[in-house]
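Read through the structure below, which is laid out as structure tokens, and then see the notes.
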């Protein structure tokens, strides 16, 4: 089997950068704490932000590769035409939840911008942290839609690992 060229996925790169940032920030804080008996004030605020970005970007990658938790037993025993209906119902459920998150997240980010709220630790504008919620929710919806189209066409991702 010939080697496949690497895929460029911005959400996968974003998740990787967020994970590396968490590791570097945490390691730096531990080293400084043991060396000087003081810690950096910004580490918790940035680590939580990076963790949220990592979670949502990783969810987008999982949505694209059909690796989210779901009950596959029902899918395996349904006829082909009914299986497509289940795929659409799964997609509709995800899009509904993420659409609500996008709506309320963007409303919240806009309010944080209008009220000029500042973060408690460093005093940065809160909307910088909050705007990632609706943006990455839309990214997950986009990846779920790509996955739905592939599943309706009968394409299986060779990278998908099923434990069942």
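Residue numbers (my numbering): 818 to 981. Every residue gets a Cβ at the ideal spot worked out from N, C-alpha and C, and that includes glycine.
Exposed unless 16 or more other CB atoms sit within 10 angstroms - verdict on residue i
i           : result
residue 954 : buried
residue 886 : exposed
residue 947 : buried
residue 857 : exposed
residue 850 : exposed
residue 981 : Its pLDDT being 47, under 50, residue 981 is placed unreliably in this model, and the value from its coordinates should be taken loosely. Residue 981 should be labelled exposed.
residue 924 : exposed
residue 958 : buried
residue 929 : buried
residue 920 : exposed
residue 935 : exposed
residue 910 : exposed
residue 951 : buried
residue 966 : exposed
residue 971 : exposed
Residue range of the unbroken alpha helix (DSSP H) whose run includes residue i
i           : result
residue 972 : Element bounds for residue 972: n/a, residue is neither H nor E.
residue 828 : 827 to 853
residue 857 : Unbroken run through residue 857: none, as it is neither H nor E.
residue 917 : 897 to 932
residue 893 : 889 to 894
For residue i, the three-state DSSP class (helix, strand or coil)
i           : result
residue 951 : helix
residue 935 : strand
C-alpha gap between residue i and residue j, whole angstroms
i           : j           : result
residue 829 : residue 961 : 15 angstroms
residue 841 : residue 964 : 33 angstroms
residue 969 : residue 901 : 6 angstroms
residue 933 : residue 874 : 27 angstroms
residue 905 : residue 945 : 34 angstroms
residue 832 : residue 854 : 31 angstroms
residue 898 : residue 915 : 26 angstroms
residue 907 : residue 883 : 11 angstroms
residue 837 : residue 869 : 14 angstroms
residue 937 : residue 859 : 10 angstroms
residue 852 : residue 872 : 31 angstroms
residue 912 : residue 927 : 22 angstroms
residue 839 : residue 892 : 38 angstroms
residue 862 : residue 834 : 16 angstroms
residue 843 : residue 864 : 8 angstroms
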